[in-house]
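Q: Chains as they are written, first to last, in the working numbering: chain B, 160 to 510; chain X, 160 to 510; chain C, 160 to 510.
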Amino acid sequence: MEFTAKTIAEFLQGEIEGDPEVKVTKIAKIEEGMPGALTFLANPLYTPYIYSTKASIVLVNKDFKPEKGISATLIRVEDAYKAFALLLELYVKSKNDIKGIDELAFIDKTAVLGENIFIGAFSYIGRNVKIGNNVKIYPQVCLCENVQIGDNTVLRSGVKIYNDCIIGAGCILHSGVIIGADGFGFAPQKHCDFKKVPQIGNVVIEENVEIGSNTAIDRATLGSTIIRKGVKLDNLIQIAHNVEIGENTVIAAQTGISGSTKIGRDCMIGGQVGIVGHITIADEVKIAAQSGVGSSIKEKGAIVQGSPAFQIHEYQKSYVVYKQLPELRKQIIEFQQEIKKLKEDLLKKFM
Amino acid sequence: MEFTAKTIAEFLQGEIEGDPEVKVTKIAKIEEGMPGALTFLANPLYTPYIYSTKASIVLVNKDFKPEKGISATLIRVEDAYKAFALLLELYVKSKNDIKGIDELAFIDKTAVLGENIFIGAFSYIGRNVKIGNNVKIYPQVCLCENVQIGDNTVLRSGVKIYNDCIIGAGCILHSGVIIGADGFGFAPQKHCDFKKVPQIGNVVIEENVEIGSNTAIDRATLGSTIIRKGVKLDNLIQIAHNVEIGENTVIAAQTGISGSTKIGRDCMIGGQVGIVGHITIADEVKIAAQSGVGSSIKEKGAIVQGSPAFQIHEYQKSYVVYKQLPELRKQIIEFQQEIKKLKEDLLKKFM
Amino acid sequence: MEFTAKTIAEFLQGEIEGDPEVKVTKIAKIEEGMPGALTFLANPLYTPYIYSTKASIVLVNKDFKPEKGISATLIRVEDAYKAFALLLELYVKSKNDIKGIDELAFIDKTAVLGENIFIGAFSYIGRNVKIGNNVKIYPQVCLCENVQIGDNTVLRSGVKIYNDCIIGAGCILHSGVIIGADGFGFAPQKHCDFKKVPQIGNVVIEENVEIGSNTAIDRATLGSTIIRKGVKLDNLIQIAHNVEIGENTVIAAQTGISGSTKIGRDCMIGGQVGIVGHITIADEVKIAAQSGVGSSIKEKGAIVQGSPAFQIHEYQKSYVVYKQLPELRKQIIEFQQEIKKLKEDLLKKFM
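#1: Who are the neighbours of residue 373 of chain C on chain B, taking C-beta pairs under 8 Å?
#2: For chain E, check one thing: does any of its Cβ atoms lie closer than 7 Å to the Cβ of residue 281 of chain X?
#3: Hey, out of X/210, X/218, X/400, X/196, whose CA is closest to residue 172 of chain X's CA?
#4: Would residue 357 of chain C be called buried (16 or more neighbouring beta carbons within 10 Å of its own) or exposed?
#5: CA-CA distance, residue 228 of chain B and residue 235 of chain B?
#6: Return the bridge partner residues of residue 197 of chain X from the DSSP annotation.
#7: Can you tell me whether residue 391 of chain X is helix, strand or coil according to DSSP?
#8: When you compare each of B/265, B/467, B/224, B/240 to residue 448 of chain B by their alpha carbons, which one comes out closest?
#9: Would you list the residues sitting across from residue 258 of chain X in a DSSP beta bridge?
#10: Check whether chain B comes within 7 Å of residue 251 of chain X, counting only Cβ atoms and requiring the distance to be less than that.
#11: Near residue 251 of chain B, which residues of its chain fall below 8 Å by C-beta distance, leaving aside the five closest residues on each side in sequence?
#12: Which residues mark the beginning and the end of the alpha helix (DSSP H) in which residue 488 of chain C is found?
#13: Report buried or exposed for residue 506 of chain B, applying the criterion of at least 16 other Cβ atoms within 10 angstroms of its Cβ.
#14: Can you give the beta carbon distance from residue 450 of chain C to residue 464 of chain C, rounded, assuming they're within the 8 Å contact cut?
#15: From this set, X/472, X/198, X/328, X/184, which residue's C-alpha is nearest residue 253 of chain X's C-alpha?
#16: For the segment 194-207 of chain X and the segment 260-277 of chain X, state whether three or more C-beta atom pairs, one from each stretch, are separated by less than 8 Å.
#17: DSSP state of residue 239 of chain B, grouped into three classes?
#18: Taking the alpha-carbon positions, what's the residue 481 of chain X to residue 240 of chain B distance?
#19: Would you mind stating whether residue 408 of chain C and residue 422 of chain C have Cβ atoms separated by less than 7 Å?
#20: For residue 494 of chain X, go through chain B and note every residue whose CB falls closer than 8 Å to its CB, in chain order.
#21: Rounding to the nearest angstrom, what Cα-Cα distance links residue 327 of chain B and residue 296 of chain B in this structure?
#22: Between which residues of its own chain and residue 117 of chain X is the CB-CB distance below 6 Å, once the five residues before and five after are set aside?
#23: What does the alpha-carbon distance come out to for the pair residue 325 of chain B and residue 402 of chain B?
#24: For residue 430 of chain X, count the other beta carbons within 10 Å of its own beta carbon; 16 or more makes it buried, fewer makes it exposed. Which is it?
#25: Cβ of residue 395 of chain B within 7 Å of Cβ of residue 413 of chain B?
#26: Nearest CA to the CA of residue 298 of chain B: which residue from B/359, B/307, B/335, B/310?
#27: Between which residues of its own chain and residue 331 of chain C is the CB-CB distance below 6 Å, once the five residues before and five after are set aside?
#28: The alpha helix (DSSP H) with residue 166 of chain B in it runs from where to where?
#29: Is residue 513 of chain B near residue 275 of chain B, with beta carbons less than 7 Å apart?
#30: Would you mind telling me which residues of chain C sit closer than 8 Å to residue 315 of chain B, beta carbon to beta carbon, in chain order?
#31: Keeping to the same chain, check which residues put their C-beta closer than 6 Å to that of residue 389 of chain X; ignore five residues upstream and five downstream.
#32: What whole-angstrom Cβ distance do residue 216 of chain X and residue 167 of chain X have, given they're in contact under 8 Å?
#33: Using only alpha-carbon positions, find the residue among X/243, X/224, X/497 that is nearest to residue 203 of chain X.
#34: Let me check one thing: in DSSP terms, what residues is residue 307 of chain X bridge-paired to?
#35: Have a look at residue 491 of chain X and residue 244 of chain B and give me their C-alpha separation to the nearest angstrom.
#36: On the criterion of 16 or more Cβ atoms from any shown chain inside 10 Å, does residue 271 of chain X qualify as buried, or is it exposed?
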């Protein structure tokens, strides 16, 4: 794609200052601008870069007053940041504007397909799968029997969804995401070996959920593992069987949540956190990265840290002393000697 | 599949109380029962739900005495839990009863295939691969040269197995499992760069092993990385080159085991545990979640926690004091003042 | 492949002691040698094994003097370890000597392919992809629009690379690696929900980088996530958007690096480490396994541990005291009593 300053200015209802015919093909940060790139200036801290940027076009606020010469063509708009964000979205949309069903995909004849969808090469759509409108399925995806995919959802290359799982509308599942593998359930037997407990539930993901690369969400033993609407999961996260995650909760990379635990809504959970099974985390709870949560958190909005985790300010106070422990031990040894000496002195005086 | 209460009762040798013609197509928890579902009541704590469940059929123990009216059809059996587990297994078996070789799979002409197998679309079976009887290989699996798969083993969609690796009978490998990638071995060179150490061993997985989604097991530098029979590995686990894991050991999600470490049999290792390389863990050891094990554990049955890990009760006692550290420091400062004052007093009295 | 002792000795310019016609087909450790295997003896600690090994051929140093009879054929060379390493490399090279484009691969007609390449079945090569010479792409790889792959690079089965990402020459990406998925960026909205921030940058991986199974590297919001030349990443690592990792830095499995953090060159980072976003780590820094780094490390060559991490020796001293905390608390309680008693004694004496 190639656009002139004139086309962009007309679209944004902005005013051009410079060459209206200059063309751009990409988007860049102002400090990394190169010929052919469009960028923007919104944060005053970045103003110095506008005099040296090699970008061809810079979006600026209407009231921007240059103090020196600028080689780039300027487009003056009401709000440079918003205008840039708008262009970004259009750019991303145009990038992802693919449709059609590749002839190298396999689609079972019992599958029900919506309108305006894309299915890439080597993807496998199994029996009784239902796919909504405007869905995009990249190459090498596998949807097993009875899977349902809501409208406008995007499944990137290599996503695998086991039978009977349900994905809502407007979701994005990145490459390597595995939905609905068997939960980790085994019954101990006499001779120290284990018997597999059948995992016959499913996973239900509501609308507007985004799931990062290589994250795994296991199916329930019975019933459903549930990810509520608006949840955002980063890469390499582990969600065990029968977990439920409340609306709009955000979880950073490499965190693991054990079986049957229920997380509230609007929580923020840092990276590499571990949460044990069969507990409940209240709404709006924040958990610091690398924490280990071993028991239910009942207080709405609590902020915790540590392994096992407790109130974050208490944790941090303890950690400050932790760093001084060798010093503290030294003091205690000195006390021992001083007290001993005091006793001896007292004794001496009264012998 | 659809079954009547009559068919199920005959199969289980149970007695029907209610409509023998009522039909079920799925399985549910008693508290989530819906029309068309079969459920069971075994744990007395769940008894209240039997009066309100919307399930069509409930399996109950022979001696169950209802205190109110029940709308569901009951099937009375010797042991409701065992009967339900039996039905579950049949259900899972029927779900997975697939066979045949998809014409969209690639199978090298030198591969040796057992009887009664399933190979899904877009799977790649390389040179000299040997596949046992009743094996199920879902779509998009890759088996490189010389791989061997034992009888009855299941490889879910997207499993990748590098050349020369051996998988035993009765195993289940979930989607995204990678077996036999190169171990992480590099020799430092003069200019701070590294030279790859060739990794020419393999991975050997014995029978009845289950491996969770996106778990990675690296091949040995020389010899074999070995997973002994009955081992259960959860999702997103890292097993480095030349590791050996003893029989029936169970490891929870996101744990990592470094190179050449040998884990005993019947161990239980929590989630997000890290174990350094070149050490030995005795049989029946238990390691708490998020622990870091930095040296060999020689005592059979030891239970450890912490990073670095030590005896779990000692760890927990220390953690209790850790939480009180700011208080402790305050006391120490007070002592300092009291001792100082005592000394002054003593001095004053005898001056 | 099958080689006689004679062929190997000629190649290595070594001297045979034993049967020049004995044949080997594989490579083994001396303590695990079996008939048909070649092994070597370099480390004197392993000398006892040479008298019992069942290997058919053993490479030994020129000056090796046996103290008993040896059944294997010996090949005497200048440096047994180097000779073995050379054979290993040849072995690996011959193992991986595959080329040709499988007719079951999909290659867009706009893609530009180098010479002497391999592309396996069910791989997808998208629009405007550029592939260098001698590149090996195993089955079921996905390269989206505009991806570039440098000469001699190897992409194992199941690698997925999103649009516009650039991989340098001589790299190895293992199965399940995901390059260029969207960074984890969301703008909070009024009603506790989140709006996706478009991620339109890319990932740039320089030459001679090796990346382990199921590792995920996210694309930049704007600009590039950059992995400099010679970097070695183990399995299941998370690299967030806009991160930069300096030359020859080595990172162990399951470590996570948050957005916009810049890691120096020649660093060594242990497994399961977490590093927060928007910080800088100096060159040659070492970070112990399971540490959490919460702020920039400015000192070149610093060695840190803990969560949050600090200087490793200080950490270890603190941890020693941590283990003694219950004992320490007991002492403090005793002091309290002793001081109390001292005070009383003093008081008594002077009443």
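Using N, Cα and C, we set each Cβ at its ideal position, and we do this for glycine too. All of these numbers come straight from a predicted model, not from anything done at the bench.
A: Reading off the structure:
#1: On the third sequence, position 214 is the one that residue 373 of chain C refers to. Listed along the chain, the chain B residues whose CB falls inside 8 Å of the CB of residue 373 of chain C are 335, 373, 395.
#2: Reference to chain E is not applicable here, since the protein chains of this structure are B, X and C.
#3: Numbered from its first residue, the second sequence carries residue 172 of chain X at position 13. Comparing Cα-Cα distances from residue 172 of chain X to each of X/210, X/218, X/400, X/196, the minimum goes to X/218.
#4: Position 198 of the third sequence, counted from the first residue, corresponds to residue 357 of chain C. Buried: at least 16 other Cβ atoms inside 10 Å.
#5: Translated into positions along the first sequence, residue 228 of chain B becomes position 69. Translated into positions along the first sequence, residue 235 of chain B becomes position 76. C-alpha separation (whole angstroms): 16 Å.
#6: Indexing the second sequence from 1 puts residue 197 of chain X at position 38. Partner residues in the beta bridge of residue 197 of chain X, as assigned by DSSP, are X/186, X/216.
#7: Counted from its first residue, the second sequence places residue 391 of chain X at position 232. It is a strand residue.
#8: Locating residue 448 of chain B in the first sequence gives position 289, counting from the first residue. Of the listed residues, the one whose Cα sits closest to residue 448 of chain B is B/467.
#9: Against the second sequence, residue 258 of chain X aligns to sequence position 99. As DSSP reads the structure, residue 258 of chain X sits in no beta bridge.
#10: Taking the second sequence and counting its residues from 1, one reaches residue 251 of chain X at position 92. At a cut-off of 7 Å between beta-carbon atoms, residue 251 of chain X makes contact with chain B.
#11: Taking the first residue of the first sequence as 1, we reach residue 251 of chain B at position 92. Around residue 251 of chain B: no qualifying Cβ.
#12: For the purposes of this step, residue 488 of chain C is identified with residue 329 of the third sequence, where counting begins at 1. Following the DSSP letters along the chain, one finds residue 488 of chain C inside the alpha helix (DSSP H) bounded by residues 484-508.
#13: For this step, residue 506 of chain B is matched to residue 347 along the first sequence. Exposed, by the Cβ-count rule.
#14: The residue labelled residue 450 of chain C in the question sits at position 291 within the third sequence. The residue labelled residue 464 of chain C in the question sits at position 305 within the third sequence. About 5 Å; that satisfies the 8 Å criterion.
#15: Here residue 253 of chain X corresponds to residue number 94 of the second sequence, with the count starting at 1. Ranking X/472, X/198, X/328, X/184 by Cα distance to residue 253 of chain X puts X/184 first.
#16: Segments in contact, no.
#17: Here residue 239 of chain B corresponds to residue number 80 of the first sequence, with the count starting at 1. Residue 239 of chain B: helix per DSSP, three-state reduction.
#18: As a working mapping, residue 481 of chain X is identified with position 322 in the second sequence. As a working mapping, residue 240 of chain B is identified with position 81 in the first sequence. Spanning the alpha carbons of residue 481 of chain X and residue 240 of chain B requires a straight line of approximately 48 Å.
#19: As a working mapping, residue 408 of chain C is identified with position 249 in the third sequence. As a working mapping, residue 422 of chain C is identified with position 263 in the third sequence. Less than 7 Å divides the Cβ of residue 408 of chain C from the Cβ of residue 422 of chain C.
#20: To locate residue 494 of chain X, count along the second sequence from 1; it is residue 335. What residue 494 of chain X touches in chain B: 494.
#21: Position 168 of the first sequence holds residue 327 of chain B. Position 137 of the first sequence holds residue 296 of chain B. Roughly 14 Å separates the two Cα atoms.
#22: Outside the shown range of chain X, which is 160 to 510, sits residue 117 of chain X, and nothing can be said about it.
#23: Reading the first sequence from its first residue, position 166 is the one you call residue 325 of chain B. Reading the first sequence from its first residue, position 243 is the one you call residue 402 of chain B. Their Cα atoms are separated by approximately 15 Å.
#24: Here residue 430 of chain X corresponds to residue number 271 of the second sequence, with the count starting at 1. So residue 430 of chain X counts as buried.
#25: Along the first sequence, read from residue 1 onward, the residue named residue 395 of chain B stands at position 236. Along the first sequence, read from residue 1 onward, the residue named residue 413 of chain B stands at position 254. Yes, they are a contact pair.
#26: In the first sequence, the residue the question calls residue 298 of chain B occupies position 139. Nearest C-alpha to residue 298 of chain B: B/335.
#27: As a working note, residue 331 of chain C is residue 172 in the third sequence. Listed in chain order, the non-local C-beta contacts of residue 331 of chain C below 6 Å within the same chain comprise 313, 369, local neighbours out to five positions each way being set aside.
#28: The residue given as residue 166 of chain B occupies position 7 in the first sequence. For residue 166 of chain B, the enclosing alpha helix (DSSP H) stretches over residues 164-171.
#29: Shown here, chain B extends from 160 to 510; a query on residue 513 of chain B therefore has no answer.
#30: Within the first sequence, the letter at position 156 stands for residue 315 of chain B. Within chain C, the residues 319, 321, 340 have their CB atoms less than 8 Å from the CB of residue 315 of chain B, given in chain order.
#31: As a first step, residue 389 of chain X must be located in the second sequence, where it is residue number 230. Closer than 6 Å at the Cβ level, and outside the excluded window around residue 389 of chain X, lie 367, 406, 407.
#32: Locating residue 216 of chain X in the second sequence gives position 57, counting from the first residue. Locating residue 167 of chain X in the second sequence gives position 8, counting from the first residue. The pair is a contact, with the Cβ atoms about 7 Å apart (cut-off 8 Å).
#33: As a first step, residue 203 of chain X is located in the second sequence; it is residue number 44 there, counting from the start. Among X/243, X/224, X/497, the Cα nearest to that of residue 203 of chain X belongs to X/224.
#34: Position 148 of the second sequence holds residue 307 of chain X. In the DSSP assignment, residue 307 of chain X forms a beta bridge with X/289, X/325.
#35: Along the second sequence, one-based indexing puts residue 491 of chain X at 332. Along the first sequence, one-based indexing puts residue 244 of chain B at 85. Using only the alpha carbons, I get a separation of about 57 Å.
#36: Position 112 of the second sequence, counted from the first residue, corresponds to residue 271 of chain X. Counting every other CB atom within 10 Å of its CB across the protein chains shown gives residue 271 of chain X a total below 16, marking it as exposed.
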